[in-house]
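Under this note's numbering, read the first sequence as residues 159 to 649, first letter to last.
Below you'll find the structure, written out as structure tokens, and then a few comments.
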Amino acid sequence: MADAAKTVKNAKTAITPTRAENFPEWYQQVIKATDMAENSAVRGCYIIKPYGFAIWENVQKHLGQMIKDEDVQNAYFPLLIPLSYIAKEAKHIDGFAKECAVVTHHRLSVNDKGELGPDKDSQLTEPMIIRPTSETIIGESMHNWVQSYRDLPLKLNQWCNVMRWEMRPRIFLRTAEFLWQEGHNAFATADEADADARRMLEVYRTFLEDYMAIPGIVGVKTPDERFPGAIETYTVEAFMQDGKALQACTSHNLGQTFAKSADIKFLDKDGTQKLAWTTSWGMSTRTIGGLIMMHGDDDGMIMPPRMAPYQVAILPFIKDDADTPAIMKACDEMRAALKSAGITAQIDKTEARSSDKMWAAIKKGVPVRLEIGARELAEGKVSFTRRDLGRDGKQVADIAAAPDMVKASLEQMHTDMLAGARARMDAQIHRINSLADLRAFFAAGTMGGVKIDYALIKGSAEYENIAKEFSLSTRCLPFDAPDQVIIAKSY
RNA sequence: CGGAAUGUAGCUCAGCCUGGUAGAGUGCUUGCUUCGGGAGCAAGAGGCCCAGGGUUCGAAUCCCUGCAUUCCGACCA
């Protein structure tokens, strides 16, 4: 018994099981080990803890700026949507009715049995739903705000929570309540709307690559995978380390579907009333799950430097208590110097042993660990290590030069992570030429997805059989090969 | 909502078959020795055994009924 426990303790990986042994379990263990999130009392709703929420704050900061740079204005619309709003668009109802939380009462009371429950006398004349997405309620405002072609384009974005009553929640990836930004733009012409949907997709692609180091396949959804009510849905499909695809963002050309149902009309230059053309686009906290499955390893998380809650873990190594004040002072100075260089850092001031401080930083995936002990003070140097390279990548720098070197190291780390992720993705996607190959690929349990001529599967009953047998879906028609389709298992 | 599994210490689990005073590892606290890729010894704190019913002299254990969680499907960002 003791020996068995010891073996686990001395295992080479900090996370058990490894990715190869059990990927879903590994994923959950990483979230636990990093302290990003945990279960709550409500099924499907999760508590995002500070280390996880800091990632979301970085999404808000960087993606938020990119959205503003597109002349989109932030606003906030209500959580509750009158049932009649969502009832206006039939396809939209089909898409969301099964997963809507409904508010029917506005008051609680204690009944005869002493039980607290909805007060019968407080039933709402019209039930409200908790927003699963806000097209309908924002459409109502657009109806009020748009009269002239001069009011267009109207570009709005909100950061909020939404709720979809999921049958099978998974932390970050599929949660009943999740955080996202949802953008809603309205235009005078069809061309502008389609260009906008594609433009916002490009914003996401850029953000995913430049900040999250997540490469993906950029393309358009097949009709069966479209957002309810959209005429086109554009997507970036990322491939996780287990070979499953994850839709990292979404951008819809809604055509005039919602303009019709919300009656968003404007008087055009030619003096005639016209319906507007709208788009909507979103990225959610599920992308944090993607970040983990894209970059984590068997020792825990590896944060891409630009998304990391903090980029450097300063680890004071103290052997002799007499050194503590000098080492702590050096740590504080280093933190200040890093801050001046635009680098975020946190000092591990716990009394843990050196090796425990190191492993804590490793599991959390802090991009760079910087060690300061008596040795460094004596030599006027510090040593630092990139998380993705491990101990072999340890570098030594003069204290004064360290911030610049760390900064260069973080930049290089981002580049390397993106390149590595892209190489993995390229290796995971296989070009095939027949339905027989499709079956063989997934029957063999091969990791990843396939790229096949769309004409071969479109309307094919055999394809439907294979898809059902292996839980496959069409991910997208890539922009760079629009006559082909990517097929994979997905989250 | 179907299929399967699991609910026992903060965490991971053993004990259950064969009913008889609640166990281990880890974590936590304290002390000493250690300390730069997971240290060691010692002492200590910590449990309504998911809930409700049965059976029994006696239930963590056997039998019902709930509830929750996880995994696999269907639905979906």
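Using N, Cα and C, we set each Cβ at its ideal position, and we do this for glycine too.
Can the beta-carbon of residue i be found closer than 8 Å to that of residue j?
i	j	result
LEU528	VAL554	no
LEU331	GLY447	yes
SER629	GLU383	no
MET300	ALA344	yes
ASN216	MET459	no
LEU238	VAL260	no
ASN315	GLU335	no
ALA388	LEU412	yes
THR294	LYS246	yes
ILE590	PHE599	yes
TRP214	LEU366	no
ILE501	VAL470	yes
LEU359	SER409	yes
SER116	LEU425	Limits of the chain in this structure are 159 at one end and 649 at the other, which puts residue 116 out of reach.
LEU635	SER618	no
GLY607	ARG582	no
GLU284	PRO240	yes
ALA646	LYS402	yes
Would you mind giving the Cβ-Cβ distance between residue i and residue j, rounded to the nearest angstrom? I have them listed as a contact below 8 Å.
i	j	result
ILE189	ILE329	6 Å
LYS515	LEU473	5 Å
PRO467	ALA212	3 Å
LEU221	MET461	Rounded, the Cβ-Cβ distance is 16 Å, inconsistent with contact.
HIS257	TRP323	The question names His, but residue 257 in the sequence shown is Glu. The Cβ separation is near 4 Å, so the contact holds.
Quick check on the burial criterion: 16 or more other C-beta atoms within 10 angstroms. Buried or exposed for residue i?
i	result
ASP227	exposed
GLU537	exposed
TRP303	exposed
GLN431	exposed
GLU273	exposed
HIS264	exposed
GLU627	exposed
ARG533	exposed
LEU266	exposed
THR364	exposed
PRO640	exposed
ARG493	buried
GLN339	buried
GLU390	buried
LYS427	exposed
LYS313	buried
TYR243	buried
ILE644	buried
THR508	exposed
ARG444	buried
ARG289	buried
LYS552	exposed
THR393	buried
ASP506	buried
ASP354	buried
For residue i, collect the residues of the same chain with a Cβ closer than 7 Å to its Cβ; drop the 5 residues on either side in sequence, then sort them by chain order.
i	result
ILE195	First, the residue type needs correcting, since residue 195 is Ala and not Ile in the sequence shown. Within the same chain, ALA195 has close Cβ partners ILE189, TYR204, ILE205, ILE206, LYS207, GLY210, ILE329 and PHE330.
TYR185	ILE450 and MET451
PHE181	ASP400
THR176	TRP184 and ASP456
PHE637	VAL376 and GLY377
For residue i, which residues from the same chain have a beta carbon less than 6 Å from its beta carbon, with the 5 sequence-adjacent residues on both sides left out?
i	result
ALA163	With a pLDDT of 32 at ALA163, under the threshold of 50, the modelled position of that residue is not reliable, and no figure is offered here.
ILE225	ASN315
THR436	ALA344, LEU412, PHE416 and ALA417
VAL361	MET224
ALA420	GLY297, GLU298 and HIS301
VAL268	LEU274
ARG597	ILE624
PRO276	HIS263
Can you find the residues in the same chain that come closer than 8 Å, C-beta to C-beta, to residue i, ignoring five residues on each side of it along the sequence?
i	result
ARG326	ARG332
ASP656	It is not possible to answer for residue 656, since the shown part of the chain is limited to 159 through 649.
ALA172	ALA191, ASP456, ASP457, GLY458, TRP517, ILE520 and LYS521
LYS497	ALA503
LYS167	Model confidence at LYS167 stands at a pLDDT of 36, short of 50, so the residue's coordinates are unreliable and nothing is read from them.
ASP161	Per-residue confidence for ASP161 stands at a pLDDT of 31, beneath the threshold of 50, marking its modelled position as unreliable; the derived number appears in the next sentence. Closer than 8 Å at Cβ, skipping near neighbours: no residue.
GLY523	THR192, HIS453, GLY454, GLY458, MET459, ILE460, MET461, ALA466 and ARG545
ALA585	GLY606
ALA485	According to the sequence as given, residue 485 is Ile; it is not Ala. Excluding sequence neighbours, ILE485 sits near PRO474, PHE475, ILE476, ILE530, GLY531, ALA532 and LEU535.
> Could you give the uninterrupted runs of the beta strand (DSSP E) lying entirely in the segment 191 to 269, keeping only those of 3 residues or more?
Replying inline: DSSP runs (the beta strand (DSSP E)) wholly in the segment 191 to 269: 195 to 197, 204 to 206, 238 to 240, 260 to 263 and 266 to 268.
*Scan the segment 281 to 318 and note each continuous alpha helix (DSSP H) run of 4 residues or more that stays entirely inside, going in chain order.*
293 to 303
* At what residue ranges does the segment 438 to 485 contain a whole run of the alpha helix (DSSP H), taking only runs of 4 or more? -> 444 to 453
Practice item. Only counting runs of 3 or more residues, tell me where the beta strand (DSSP E) segments fall wholly within the segment 359 to 391, in order along the chain. Key: Listed in chain order, they are 375 to 378.
Secondary structure, alpha helix (DSSP H): runs of 4+ residues fully inside the segment 602 to 642: 612 to 615 and 619 to 628
* Run through the segment 396 to 430 for me and flag every whole beta strand (DSSP E) of 3 or more residues, listed as ranges in chain order. => 403 to 413 and 423 to 425
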